[in-house]
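Quick notes on the structure that follows.
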Amino acid sequence: MSGGVDSSVVAARVAERGVRAVGITLAMWASEREVVRDRGCCSIDAVEDARRVAGALGIPHYVWNLEAEFEALVVRDFENEYAAGRTPNPCTRCNERVKFGVLLERARGIGATHLATGHYARTGRRGDLHTLHRARDARRDQSYVLHRLSQDQLRHAVFPLGALDSKQTVRDEAAQLGLVTAAKPESQDLCFVEGTLRDDLRDRLVGRFAPGPILDERGVRLGNHQGLPFHTVGQRSGLGLLPQRPDAAPQYVLEVRPAANALVVGPRPRLRRDRLDATDCTWVGGSAPRAEQRCVAQLRAHGEPHAAVIAAADGDGMSLRFERAVEHVSPGQAVVLYDGDEVIGGGVIRPPA
0 MSGGVDSSVV AARVAERGVR AVGITLAMWA SEREVVRDRG CCSIDAVEDA
50 RRVAGALGIP HYVWNLEAEF EALVVRDFEN EYAAGRTPNP CTRCNERVKF
100 GVLLERARGI GATHLATGHY ARTGRRGDLH TLHRARDARR DQSYVLHRLS
150 QDQLRHAVFP LGALDSKQTV RDEAAQLGLV TAAKPESQDL CFVEGTLRDD
200 LRDRLVGRFA PGPILDERGV RLGNHQGLPF HTVGQRSGLG LLPQRPDAAP
250 QYVLEVRPAA NALVVGPRPR LRRDRLDATD CTWVGGSAPR AEQRCVAQLR
300 AHGEPHAAVI AAADGDGMSL RFERAVEHVS PGQAVVLYDG DEVIGGGVIR
350 PPA
(Lines of atoms letter the chains of each structure in order from A; the text may use other names.)
(Lines give C-alpha, C1' and ligand atoms only; values in the text may rest on other atoms or scores of the structure.)
Protein backbone atom coordinates (compact mmCIF):
# COMPACT_ATOMS: atom_id res chain seq x y z
CA MET A 0 0.00 0.00 0.00
CA SER A 1 1.81 3.09 -1.27
CA GLY A 2 -0.70 5.52 0.18
CA GLY A 3 -2.24 6.25 -3.22
CA VAL A 4 -5.71 5.62 -4.54
CA ASP A 5 -4.78 2.59 -6.68
CA SER A 6 -3.35 0.46 -3.89
CA SER A 7 -6.14 1.63 -1.57
CA VAL A 8 -8.81 0.25 -3.91
CA VAL A 9 -6.80 -2.95 -4.35
CA ALA A 10 -6.73 -3.40 -0.57
CA ALA A 11 -10.48 -2.80 -0.42
CA ARG A 12 -11.14 -5.39 -3.12
CA VAL A 13 -8.95 -7.96 -1.42
CA ALA A 14 -10.57 -7.34 1.96
CA GLU A 15 -14.02 -7.57 0.41
CA ARG A 16 -13.28 -11.12 -0.76
CA GLY A 17 -13.00 -12.21 2.85
CA VAL A 18 -9.45 -13.53 2.62
CA ARG A 19 -6.95 -12.71 5.33
CA ALA A 20 -5.30 -9.48 4.17
CA VAL A 21 -2.42 -7.43 5.53
CA GLY A 22 -1.45 -3.97 4.25
CA ILE A 23 2.28 -3.38 3.77
CA THR A 24 3.84 0.01 3.06
CA LEU A 25 7.50 0.09 2.06
CA ALA A 26 9.89 2.70 3.47
CA MET A 27 12.68 2.78 0.93
CA TRP A 28 14.88 5.73 1.80
CA ALA A 29 16.37 7.43 4.84
CA SER A 30 13.97 9.20 7.18
CA GLU A 31 15.70 12.58 6.75
CA ARG A 32 14.63 12.57 3.08
CA GLU A 33 11.04 11.73 3.97
CA VAL A 34 10.64 14.98 5.90
CA VAL A 35 10.88 17.07 2.72
CA ARG A 36 8.48 14.89 0.78
CA ASP A 37 4.88 15.90 1.40
CA ARG A 38 3.46 13.95 -1.52
CA GLY A 39 4.10 10.68 -3.31
CA CYS A 40 4.66 7.08 -2.29
CA CYS A 41 6.57 6.23 0.89
CA SER A 42 6.52 9.79 2.31
CA ILE A 43 5.30 10.48 5.84
CA ASP A 44 1.83 11.51 4.69
CA ALA A 45 1.63 8.52 2.33
CA VAL A 46 2.35 6.10 5.17
CA GLU A 47 -0.33 7.79 7.26
CA ASP A 48 -2.84 7.65 4.38
CA ALA A 49 -2.16 3.94 3.91
CA ARG A 50 -2.59 3.35 7.63
CA ARG A 51 -5.91 5.23 7.64
CA VAL A 52 -7.19 3.25 4.67
CA ALA A 53 -6.19 -0.04 6.28
CA GLY A 54 -7.94 1.02 9.47
CA ALA A 55 -11.12 1.86 7.56
CA LEU A 56 -11.01 -1.55 5.89
CA GLY A 57 -10.34 -3.36 9.17
CA ILE A 58 -7.04 -4.93 8.10
CA PRO A 59 -3.65 -4.80 9.85
CA HIS A 60 -1.06 -2.38 8.47
CA TYR A 61 2.72 -2.54 8.75
CA VAL A 62 5.63 -0.45 7.47
CA TRP A 63 8.61 -2.47 6.29
CA ASN A 64 11.94 -0.70 5.97
CA LEU A 65 13.67 -1.80 2.75
CA GLU A 66 15.98 1.21 2.51
CA ALA A 67 19.17 -0.85 2.27
CA GLU A 68 17.72 -3.25 -0.30
CA PHE A 69 16.29 -0.45 -2.43
CA GLU A 70 19.62 1.38 -2.37
CA ALA A 71 21.61 -1.73 -3.32
CA LEU A 72 19.22 -3.22 -5.89
CA VAL A 73 17.75 -0.16 -7.60
CA VAL A 74 19.40 3.17 -6.79
CA ARG A 75 22.98 1.97 -7.23
CA ASP A 76 22.11 0.47 -10.62
CA PHE A 77 20.39 3.75 -11.59
CA GLU A 78 23.50 5.77 -10.70
CA ASN A 79 25.93 3.38 -12.40
CA GLU A 80 23.94 3.34 -15.62
CA TYR A 81 23.73 7.11 -15.89
CA ALA A 82 27.42 7.43 -15.01
CA ALA A 83 28.18 5.05 -17.90
CA GLY A 84 26.23 7.19 -20.38
CA ARG A 85 23.14 5.00 -20.53
CA THR A 86 19.50 5.80 -19.72
CA PRO A 87 18.04 3.20 -17.32
CA ASN A 88 14.48 2.48 -16.25
CA PRO A 89 14.65 1.95 -12.46
CA CYS A 90 10.96 1.04 -12.20
CA THR A 91 11.58 -2.27 -13.98
CA ARG A 92 14.36 -3.10 -11.52
CA CYS A 93 12.27 -2.10 -8.52
CA ASN A 94 9.39 -4.34 -9.56
CA GLU A 95 11.67 -7.28 -10.30
CA ARG A 96 14.06 -7.00 -7.37
CA VAL A 97 12.19 -5.21 -4.57
CA LYS A 98 8.40 -5.40 -4.88
CA PHE A 99 8.25 -8.88 -6.39
CA GLY A 100 11.66 -9.80 -5.02
CA VAL A 101 12.40 -8.88 -1.42
CA LEU A 102 8.82 -7.90 -0.52
CA LEU A 103 7.25 -11.02 -2.01
CA GLU A 104 9.85 -13.28 -0.39
CA ARG A 105 9.25 -11.73 3.04
CA ALA A 106 5.48 -11.84 2.58
CA ARG A 107 5.64 -15.54 1.75
CA GLY A 108 7.86 -15.98 4.79
CA ILE A 109 5.05 -14.83 7.07
CA GLY A 110 2.52 -17.08 5.37
CA ALA A 111 1.12 -14.93 2.55
CA THR A 112 0.16 -16.75 -0.63
CA HIS A 113 -0.20 -13.76 -2.99
CA LEU A 114 0.92 -10.16 -3.42
CA ALA A 115 -1.77 -7.78 -4.69
CA THR A 116 -0.61 -4.41 -6.05
CA GLY A 117 -2.08 -1.39 -7.81
CA HIS A 118 -0.29 -2.03 -11.09
CA TYR A 119 -2.39 -1.77 -14.24
CA ALA A 120 -1.72 -5.12 -15.89
CA ARG A 121 -3.36 -8.53 -16.16
CA THR A 122 -2.22 -12.10 -15.64
CA GLY A 123 -3.50 -15.27 -17.31
CA ARG A 124 -2.88 -18.97 -17.68
CA ARG A 125 -2.06 -21.18 -20.64
CA GLY A 126 -1.79 -24.71 -19.34
CA ASP A 127 0.83 -24.61 -16.60
CA LEU A 128 2.23 -21.32 -17.92
CA HIS A 129 1.49 -18.02 -16.20
CA THR A 130 1.14 -15.15 -18.67
CA LEU A 131 1.37 -11.36 -18.37
CA HIS A 132 -0.86 -9.03 -20.40
CA ARG A 133 -1.51 -5.36 -21.02
CA ALA A 134 -4.14 -3.61 -18.93
CA ARG A 135 -7.51 -3.02 -20.56
CA ASP A 136 -6.95 0.74 -20.27
CA ALA A 137 -4.02 1.31 -22.62
CA ARG A 138 -3.38 4.78 -21.16
CA ARG A 139 -2.66 3.26 -17.75
CA ASP A 140 -0.94 0.06 -18.85
CA GLN A 141 2.13 -0.87 -16.75
CA SER A 142 3.01 -4.24 -18.23
CA TYR A 143 6.18 -2.65 -19.66
CA VAL A 144 7.66 -2.13 -16.17
CA LEU A 145 6.59 -5.64 -15.09
CA HIS A 146 8.11 -7.50 -18.03
CA ARG A 147 11.00 -8.95 -15.98
CA LEU A 148 8.73 -10.93 -13.63
CA SER A 149 9.44 -14.66 -13.62
CA GLN A 150 6.99 -17.54 -13.62
CA ASP A 151 7.37 -17.91 -9.87
CA GLN A 152 6.74 -14.21 -9.31
CA LEU A 153 3.70 -14.16 -11.59
CA ARG A 154 2.32 -17.21 -9.80
CA HIS A 155 1.94 -15.08 -6.69
CA ALA A 156 0.98 -11.77 -8.35
CA VAL A 157 -2.52 -10.28 -8.33
CA PHE A 158 -3.40 -7.13 -10.31
CA PRO A 159 -7.05 -6.29 -9.54
CA LEU A 160 -7.05 -3.04 -11.55
CA GLY A 161 -5.89 -4.45 -14.86
CA ALA A 162 -9.38 -5.19 -16.15
CA LEU A 163 -10.79 -1.71 -15.41
CA ASP A 164 -11.63 0.71 -18.20
CA SER A 165 -10.25 3.90 -16.66
CA LYS A 166 -8.56 5.56 -13.70
CA GLN A 167 -11.79 7.41 -12.99
CA THR A 168 -13.42 4.08 -12.18
CA VAL A 169 -10.83 3.60 -9.44
CA ARG A 170 -11.40 7.08 -8.02
CA ASP A 171 -15.18 6.62 -8.09
CA GLU A 172 -14.86 3.32 -6.25
CA ALA A 173 -12.60 4.88 -3.63
CA ALA A 174 -15.04 7.76 -3.15
CA GLN A 175 -17.97 5.38 -2.73
CA LEU A 176 -16.00 3.54 -0.04
CA GLY A 177 -15.14 6.82 1.68
CA LEU A 178 -11.38 6.28 1.39
CA VAL A 179 -9.21 9.31 2.16
CA THR A 180 -7.10 8.72 -0.96
CA ALA A 181 -9.98 9.02 -3.45
CA ALA A 182 -8.90 12.41 -4.82
CA LYS A 183 -5.18 12.17 -4.06
CA PRO A 184 -2.92 13.42 -6.89
CA GLU A 185 -0.66 11.09 -8.84
CA SER A 186 2.86 10.56 -7.54
CA GLN A 187 5.89 11.10 -9.78
CA ASP A 188 7.45 8.18 -11.64
CA LEU A 189 10.91 8.33 -10.06
CA CYS A 190 9.94 8.28 -6.41
CA PHE A 191 13.50 8.74 -5.09
CA VAL A 192 14.45 11.77 -7.22
CA GLU A 193 14.27 15.15 -5.50
CA GLY A 194 13.71 18.14 -7.79
CA THR A 195 14.68 17.78 -11.43
CA LEU A 196 16.43 14.67 -12.72
CA ARG A 197 19.36 16.77 -13.94
CA ASP A 198 19.92 18.36 -10.52
CA ASP A 199 19.52 15.02 -8.77
CA LEU A 200 22.11 13.36 -11.02
CA ARG A 201 24.51 16.27 -10.53
CA ASP A 202 24.38 15.67 -6.77
CA ARG A 203 24.53 11.87 -6.95
CA LEU A 204 27.33 11.56 -9.47
CA VAL A 205 29.88 14.03 -8.13
CA GLY A 206 33.28 13.11 -9.56
CA ARG A 207 31.77 10.64 -12.07
CA PHE A 208 31.24 12.96 -15.05
CA ALA A 209 33.20 15.65 -16.86
CA PRO A 210 32.70 18.12 -19.72
CA GLY A 211 33.51 16.84 -23.17
CA PRO A 212 33.08 17.45 -26.90
CA ILE A 213 29.92 17.44 -28.98
CA LEU A 214 30.74 16.13 -32.44
CA ASP A 215 28.95 15.76 -35.73
CA GLU A 216 29.10 12.42 -37.53
CA ARG A 217 32.29 13.46 -39.32
CA GLY A 218 34.01 14.18 -36.01
CA VAL A 219 33.81 17.98 -36.29
CA ARG A 220 33.45 19.63 -32.89
CA LEU A 221 30.19 21.59 -32.61
CA GLY A 222 30.25 22.43 -28.91
CA ASN A 223 30.79 21.09 -25.43
CA HIS A 224 28.57 19.11 -23.07
CA GLN A 225 28.71 19.31 -19.27
CA GLY A 226 28.55 15.56 -18.65
CA LEU A 227 27.19 12.45 -20.37
CA PRO A 228 24.67 11.61 -17.61
CA PHE A 229 22.66 14.71 -18.58
CA HIS A 230 22.04 13.58 -22.15
CA THR A 231 20.19 10.81 -23.93
CA VAL A 232 19.56 9.71 -27.51
CA GLY A 233 16.94 11.89 -29.17
CA GLN A 234 17.58 14.94 -26.99
CA ARG A 235 17.50 18.31 -28.73
CA SER A 236 17.46 21.02 -26.05
CA GLY A 237 20.22 21.92 -23.60
CA LEU A 238 23.07 20.51 -25.67
CA GLY A 239 25.60 23.35 -25.37
CA LEU A 240 26.21 23.75 -29.10
CA LEU A 241 28.22 26.59 -30.53
CA PRO A 242 26.18 29.18 -32.49
CA GLN A 243 24.90 27.65 -35.72
CA ARG A 244 23.95 29.20 -39.04
CA PRO A 245 20.35 30.48 -39.06
CA ASP A 246 19.45 27.92 -41.71
CA ALA A 247 21.17 24.99 -39.94
CA ALA A 248 18.99 21.95 -39.23
CA PRO A 249 18.15 21.30 -35.54
CA GLN A 250 20.63 18.89 -33.96
CA TYR A 251 19.68 15.81 -31.92
CA VAL A 252 21.79 13.44 -29.85
CA LEU A 253 22.44 10.43 -32.10
CA GLU A 254 24.92 8.59 -29.92
CA VAL A 255 26.58 8.75 -26.51
CA ARG A 256 30.22 7.61 -26.57
CA PRO A 257 31.45 6.99 -23.02
CA ALA A 258 34.94 5.85 -24.08
CA ALA A 259 35.57 9.26 -25.67
CA ASN A 260 33.33 11.19 -23.25
CA ALA A 261 31.63 12.57 -26.36
CA LEU A 262 28.18 13.18 -27.79
CA VAL A 263 27.46 12.71 -31.48
CA VAL A 264 24.68 14.88 -32.90
CA GLY A 265 22.93 15.18 -36.22
CA PRO A 266 19.62 16.02 -37.93
CA ARG A 267 16.48 14.21 -36.84
CA PRO A 268 16.31 11.74 -39.77
CA ARG A 269 19.61 10.26 -38.55
CA LEU A 270 17.89 9.11 -35.35
CA ARG A 271 16.03 6.40 -37.22
CA ARG A 272 17.13 2.81 -36.62
CA ASP A 273 15.86 -0.30 -38.35
CA ARG A 274 17.30 -2.73 -35.80
CA LEU A 275 18.62 -3.01 -32.26
CA ASP A 276 20.44 -5.46 -30.04
CA ALA A 277 19.55 -6.07 -26.39
CA THR A 278 21.17 -7.89 -23.51
CA ASP A 279 20.14 -8.99 -20.01
CA CYS A 280 16.97 -10.42 -21.53
CA THR A 281 14.22 -12.17 -19.60
CA TRP A 282 11.38 -14.21 -21.07
CA VAL A 283 8.03 -14.50 -19.30
CA GLY A 284 7.58 -18.10 -20.40
CA GLY A 285 11.08 -19.04 -19.25
CA SER A 286 12.57 -19.67 -22.70
CA ALA A 287 13.59 -17.43 -25.60
CA PRO A 288 11.17 -16.97 -28.52
CA ARG A 289 11.92 -18.52 -31.87
CA ALA A 290 13.88 -16.64 -34.52
CA GLU A 291 11.85 -14.72 -37.11
CA GLN A 292 8.83 -14.50 -34.81
CA ARG A 293 6.78 -11.37 -35.42
CA CYS A 294 6.01 -9.17 -32.45
CA VAL A 295 5.37 -5.63 -31.30
CA ALA A 296 8.21 -3.80 -29.56
CA GLN A 297 7.88 -0.95 -27.08
CA LEU A 298 10.84 1.30 -26.23
CA ARG A 299 9.29 3.44 -23.49
CA ALA A 300 6.86 2.78 -20.64
CA HIS A 301 4.10 4.59 -22.53
CA GLY A 302 5.75 4.69 -25.93
CA GLU A 303 4.36 3.81 -29.32
CA PRO A 304 4.31 0.09 -30.18
CA HIS A 305 6.40 -0.80 -33.25
CA ALA A 306 5.95 -3.83 -35.50
CA ALA A 307 9.14 -5.91 -35.45
CA VAL A 308 10.69 -9.31 -36.10
CA ILE A 309 12.88 -11.18 -33.62
CA ALA A 310 15.95 -11.86 -35.75
CA ALA A 311 17.63 -13.97 -33.05
CA ALA A 312 17.18 -14.59 -29.33
CA ASP A 313 18.80 -16.73 -26.66
CA GLY A 314 18.76 -16.85 -22.88
CA ASP A 315 20.47 -13.47 -22.45
CA GLY A 316 20.45 -11.54 -25.71
CA MET A 317 18.42 -10.75 -28.79
CA SER A 318 18.48 -8.91 -32.09
CA LEU A 319 15.40 -7.15 -33.36
CA ARG A 320 14.44 -5.81 -36.79
CA PHE A 321 11.79 -3.13 -37.15
CA GLU A 322 9.37 -3.19 -40.08
CA ARG A 323 9.73 0.59 -40.22
CA ALA A 324 12.68 2.53 -38.83
CA VAL A 325 12.08 4.03 -35.39
CA GLU A 326 13.53 6.92 -33.40
CA HIS A 327 14.83 7.24 -29.83
CA VAL A 328 16.55 3.87 -29.50
CA SER A 329 18.31 4.72 -26.24
CA PRO A 330 20.96 2.40 -24.76
CA GLY A 331 20.05 1.41 -21.21
CA GLN A 332 16.31 1.63 -21.77
CA ALA A 333 14.16 -1.49 -21.80
CA VAL A 334 12.76 -2.91 -25.02
CA VAL A 335 9.68 -5.02 -24.30
CA LEU A 336 8.13 -7.44 -26.79
CA TYR A 337 4.45 -8.31 -27.12
CA ASP A 338 2.39 -10.89 -28.98
CA GLY A 339 -0.93 -9.09 -29.17
CA ASP A 340 -1.53 -7.95 -25.60
CA GLU A 341 0.68 -10.68 -24.09
CA VAL A 342 4.19 -9.85 -22.89
CA ILE A 343 6.85 -12.09 -24.44
CA GLY A 344 9.75 -10.58 -22.51
CA GLY A 345 12.40 -7.96 -23.02
CA GLY A 346 15.90 -6.75 -22.40
CA VAL A 347 18.18 -3.75 -22.07
CA ILE A 348 19.04 -1.90 -25.29
CA ARG A 349 22.74 -2.11 -26.12
CA PRO A 350 24.80 0.76 -27.58
CA PRO A 351 25.36 0.50 -31.35
CA ALA A 352 28.36 -1.57 -32.36
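Sequential numbering from 0 applies to the sequence shown in numbering that gives the first Met the number 0. For glycine and all other residues, C-beta sits at the position ideal for the given N, C-alpha and C. Keep in mind that this is a model prediction, so the values were computed, not measured.
Open item on the list: If you reduce the DSSP assignment to three classes, tell me which class Q332 lands in.
Closed with: coil
Task: Candidates V264, V73 and D273, of which the one nearest P249 by Cα - done: Closest in C-alpha terms to P249, from the list V264, V73 and D273, comes V264.
TODO: With distances taken Cα to Cα, identify the nearest neighbour of E341 among V205, R124 and P228.
DONE: R124
Open item on the list: My output table needs one value for Y337: the three-state DSSP class, helix, strand or coil.
Closed with: Here Y337 sits in strand by DSSP.
TODO: Determine the closest residue to S1 out of V13, A26, A20 and R12, with distance taken between C-alpha atoms.
DONE: A26
Task: Spatial neighbours of P184 in its chain, beta-carbon cut-off 6 Å, leaving aside the 5 residues before and after - done: Within the same chain, and ignoring the five residues on either side of P184 in sequence, no residue has its Cβ closer than 6 Å to its Cβ.
Open item on the list: According to DSSP, is G17 part of a helix, a strand, or is it coil?
Closed with: coil
Open item on the list: On the criterion of 16 or more Cβ atoms from any shown chain inside 10 Å, does R349 qualify as buried, or is it exposed?
Closed with: buried
Open item on the list: Y251 and R274 - do their beta-carbons sit closer together than 7 Å?
Closed with: no
- [ ] Compute the Euclidean distance between the alpha carbons of A333 and R217, then round it to the nearest angstrom.
- [x] 29 Å
Task: Between the CA atoms of D140 and H301 - distance to the nearest angstrom - done: 8 Å
TODO: Give me the Cα-Cα distance between H129 and R203, rounded to the nearest whole angstrom.
DONE: Approximately 39 Å, taken between the alpha carbons.
TODO: Return helix, strand or coil for D202, following the three-state DSSP convention.
DONE: Here D202 carries a helix assignment [DSSP, helix/strand/coil].
Open item on the list: Assess contact between the segment 224 to 240 and the segment 71 to 91, defined as three or more Cβ pairs (one per stretch) separated by less than 8 Å. Is contact present?
Closed with: yes
Task: Beta-carbon gap between G22 and A11 smaller than 7 Å - done: It is not a contact, given that the beta carbons lie outside the stated cut-off.
Task: Where I309 falls, given that 16 or more other Cβ within 10 Å makes a residue buried - done: buried
Task: Close-in-space but distant-in-sequence residues of the same chain around V335 (CB under 6 Å, 5 per side omitted) - done: Y143, H146, Q297 and G345
- [ ] Per DSSP, which residues does L176 bridge with? Please list them.
- [x] In the DSSP output, where bridge partners are listed per residue, L176 has none listed.
Open item on the list: Restricting to Cα atoms, I'd like to know which of F99, R170 and N94 is closest to V4.
Closed with: R170
- [ ] Can you tell me which of C294, G161 and T24 puts its alpha carbon nearest to the alpha carbon of H60?
- [x] It is T24.
Open item on the list: Using 7 Å as the threshold, is the C-beta distance between L148 and F99 below it?
Closed with: yes
Open item on the list: My parser needs the alpha helix (DSSP H) runs of 4 or more residues fully inside the segment 111 to 181; what are they?
Closed with: 150 to 154 and 166 to 175
- [ ] Could you work out which residue in L238, A312 and D48 is closest to A173 when comparing CA atoms only?
- [x] D48
Task: Helix, strand or coil at P43 [DSSP, three-state] - done: First, the amino acid is wrong: residue 43 is Ile here, not Pro. Looking at I43 - three-state DSSP - the assignment turns out to be helix.
Task: Endpoints, the alpha helix (DSSP H) within which T91 is located - done: P89 to R92
Open item on the list: Assuming P304 and I343 are in contact, meaning their beta carbons sit under 8 Å apart, how far apart are those beta carbons, in whole angstroms?
Closed with: Going by Cβ atoms, the distance from P304 to I343 rounds to 13 Å, so no, they are not a contact pair.
Task: Classification of S7 by the beta-carbon crowding that lies within 10 angstroms, buried from 16 upward - done: buried
Task: Unbroken beta strand (DSSP E) run spanning L214, endpoints - done: Where L214 is concerned, the enclosing beta strand (DSSP E) stretches over G211 to L214.
- [ ] On a CA-only basis, which of E66, R154 and V192 is nearest L103? Give me that one, please.
- [x] R154
Open item on the list: Please state the DSSP three-state secondary structure of R75.
Closed with: helix
TODO: Can you have a look at P159 and say buried or exposed, based on whether 16 or more other CB atoms are within 10 angstroms of its CB?
DONE: buried
- [ ] Put L227 into one of helix, strand or coil per three-state DSSP.
- [x] helix
Task: Beta-carbon spacing of A162, R135 below 7 Å - done: Yes, these two residues count as a Cβ contact at 7 Å.
- [ ] Return the chain-ordered list of same chain residues with a C-beta closer than 7 Å to the C-beta of Q152, the five sequence neighbours on each side being excluded.
- [x] F99 and L103
- [ ] Go through the segment 239 to 296 residue by residue and report every complete run of the beta strand (DSSP E) that reaches 3 residues or more, in order.
- [x] Within the segment 239 to 296, the complete beta strand (DSSP E) runs of at least 3 residues are 251 to 256, 261 to 265 and 272 to 282.
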